[in-house]
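Chemist:
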Amino acid sequence: MVELQEIFNVKYGVNLELNKLTQSKDGINFVSRTVKNNGVSAVVELVEGKEPIEAGVITVSGGGSVLEAFLQPEPFYSGRDLYYLEPKFKLTTAQKLYYCVCIRANKYKYSYGRQANRTLKHLKVPHFDDFPKWVNNADLSIYEGVDKPKINNSKPLLPSFKDTVKVEEIFEVVNGIAATGLKEKDKAFENSVMYIRPAATQARTLRSYIAKFSVPEDKIFPQGSLFVSTNGEGSHSYSYVSTDEFVPNSDVSVLIPKGEISIEEKLFYAKCITANRYLFSYGRKPKGNKLKSIKIPKLEGKDIEKVISYINSLPYSSNI
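The opening position of the sequence shown corresponds to residue 1 in UniProt numbering, with each subsequent residue numbered one higher.
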């Protein structure tokens with residue numbers, strides 16, 4: 001293990017304030033201490049006399065979402081308490097991304113308001129000569145174009161929805177199962193299946209892995225299933241379409257379409273259901289009849305085609 005400063009020049013960013021900048025779609029990225037969107041919180045106009053930080057460096061939050069580290073693929077401005085790392089050696093993109101992971105692994109040292117300002121350069125990280133082989137052999141070209149839309153014409157508009165229906169009119173609501181008696185593992189194993197929980201992001205819905213034989217077959221749902229978080233103050237009502245087969249826990253309900261529905265329609269309905277979060281504040285939960293009674297737009301005829309076209313015009317829709 002070596003100190004971070006042995007691999008990188010640790011520099012403080014340009015320290016601009018977003019509220020004093022002009023946002024523009026044709027500008028450059030403004031990177032802040034946020035954990036979301038690769039650290040990019042806005043796109044702003046160039047400031048006369050202020051040179052952007054070059055692409056290819058790693059940004060690290062010294063405070064806020066402390067030690068959130070991201071590789072920046074484009075030139076950018078930065079906000080307060082944000083550092084950037086210039087490699088002293090020629091590193092591949094995969095190696096830089098691995099260093100981001102190594103830096104984040106030190107987050108636990110900075111709880112209770114501690115910041116990583118003076119100590120950042122002293123963080124211990126592996127030398128790139130000691131990286132696992134899979135890092136140096138990683139082929140990142142397979143991810144090129146993943147952010148592209150499925151259709152490249154101008155983004156179509158969503159239709160104006162006049163009628164609504166209850167969730168139960170379109171879907172059968174199936175509840176998940178409790179964890180009692182289940183043997184949960186942190187990692188996937190042979191003949192295992194994901195066991196999911198409520199969460200505010202889909203990536204965090206994975207709770208554990210369980211053996212398929214330990215649950216009834218009708219509680220194992222296929223890839224492409226629509227499910228809803230039905231509990232949790234910070235996670236209720238969030239709805240997602242699964243990317244793999246799974247078993248829901250008792251705070252997740254799966255919506256089984258009563259007719260043929262495309263993946264694009266499920267993604268649309270997931271967004272519509274999530275938009276009803278405000279109905280369930282102050283401890284109210286979208287369980288049982290409350291979930292079934294949520295009103296969502298009624299899709300029929302050409303409206304279905306318009307929704308599908310709209311979804312397929314969005315970034316990353318080429319992966320659907």
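Here a beta-carbon is modelled for each residue, glycine too, at the ideal position from N, C-alpha and C.
I believe V173 touches L291 by the beta-carbon criterion, under 8 Å. Please report the beta-carbon distance rounded to the nearest angstrom.
Modeler: 6 Å
Chemist: Out of curiosity, what's the CA-to-CA distance linking K212 and I294?
Modeler: In a straight line, the C-alpha of K212 is about 32 Å away from that of I294.
Chemist: Is the distance from the Cβ of R197 to the Cβ of S237 below 8 Å?
Modeler: For R197 and S237, no; Cβs fall outside 8 Å.
Chemist: Can you find at least 3 beta carbon pairs, one from the stretch 142-159 and one from the stretch 41-57, that sit closer than 8 Å?
Modeler: no
Chemist: Would you say the stretch 98-111 touches the stretch 59-73, given that touching needs at least three Cβ pairs under 8 Å?
Modeler: yes
Chemist: Given a cut-off of 8 Å, decide if K258 and G142 are closer than it, judged by their beta-carbon atoms.
Modeler: With the sequence shown as reference, residue 142 is identified as Ile, and Gly is not the correct amino acid for it. No, the pair does not count as a contact, with Cβ atoms beyond the cut-off.
Chemist: Taking only the alpha-carbon atoms, compute the straight-line gap between K148 and P248 and give it to the nearest angstrom.
Modeler: 31 Å
Chemist: Would I256 be called buried (16 or more neighbouring beta carbons within 10 Å of its own) or exposed?
Modeler: exposed
Chemist: Run through DSSP, which three-state label would V228 get?
Modeler: strand
Chemist: If you draw a straight line from the alpha carbon of K20 to that of V47, how long is it in whole angstroms?
Modeler: 10 Å
Chemist: Taking three-plus beta-carbon pairs below 8 Å as touching, is the stretch 45-62 in contact with the stretch 78-96?
Modeler: yes
Chemist: Just to confirm the assignment, what range does the beta strand (DSSP E) spanning K295 have?
Modeler: 295-297
Chemist: Determine the direct distance from the alpha carbon of F280 to that of M194, and round the result to whole angstroms.
Modeler: 27 Å
Chemist: Smallest Cα separation from A105: which of V254, G113, L120?
Modeler: L120
Chemist: Indicate whether K266 and T230 have their beta-carbon atoms separated by less than 8 Å.
Modeler: No; because the gap between Cβ atoms is not below 8 Å, this pair is not in contact.
Chemist: D303 by DSSP, collapsed to three states: which one?
Modeler: Helix at D303.
Chemist: Going by Cα to Cα distance, which pick from K298, V241, I7, S192 is closest to E168?
Modeler: Closest in C-alpha terms to E168, from the list K298, V241, I7, S192, comes K298.
Chemist: Reducing DSSP to helix, strand and coil, say where R207 ends up.
Modeler: strand
Chemist: Roughly how many whole angstroms lie between the Cα atoms of I53 and F8?
Modeler: 15 Å
Chemist: Is G176 closer than 8 Å to V228 when the C-beta atoms are compared?
Modeler: no
Chemist: A94 by DSSP, collapsed to three states: which one?
Modeler: helix
Chemist: Going by Cα to Cα distance, which pick from K133, S250, T205 is closest to A94?
Modeler: It is K133 whose Cα lies nearest to the Cα of A94.
Chemist: Name the one or two DSSP bridge partners that K121 has.
Modeler: Looking at the DSSP assignment, K121 forms no beta bridge with any residue, so it has no partner.
Chemist: In the DSSP output, which residue or residues are listed as bridge partners for V254?
Modeler: V174, F227
Chemist: Find out if the Cβ-Cβ distance for the pair I220, E260 is shorter than 8 Å.
Modeler: no
Chemist: Can you list, in chain order, the residues of its chain whose CB lies under 8 Å from that of V312, leaving out five sequence neighbours each side?
Modeler: The sequence given here places Asn at residue 312; Val does not occur at that position. Taken in chain order, the residues that qualify are P149, K150, I151, E264, I320.
Chemist: When we look at the beta-carbon of V35 and count the other beta-carbons within 10 Å, is it buried (16 or more) or exposed?
Modeler: Answer is exposed; the Cβ neighbour count stays below 16.
Chemist: Please report the residue range of the beta strand (DSSP E) in which I196 lies.
Modeler: 192-196 is the extent of the beta strand (DSSP E) around I196.
Chemist: What number of angstroms, rounded off, separates the C-alpha of R114 from the C-alpha of G301?
Modeler: 56 Å
Chemist: Is the beta carbon of A200 closer than 8 Å to that of S235?
Modeler: yes
Chemist: Could you check how far apart the C-beta atoms of K306 and L91 are, in whole angstroms? I think they sit under 8 Å.
Modeler: 46 Å between Cβ atoms; not a contact.
Chemist: Our contact map puts R33 next to D81 with C-beta atoms below 8 Å; I'd like the distance itself, whole angstroms only.
Modeler: Contact between R33 and D81 holds: their C-beta atoms lie close to 6 Å from each other, under 8 Å.
Chemist: Out of D129, L67, Q202, S192, state which residue places its alpha-carbon closest to the alpha-carbon of K271.
Modeler: Ranking D129, L67, Q202, S192 by Cα distance to K271 puts Q202 first.
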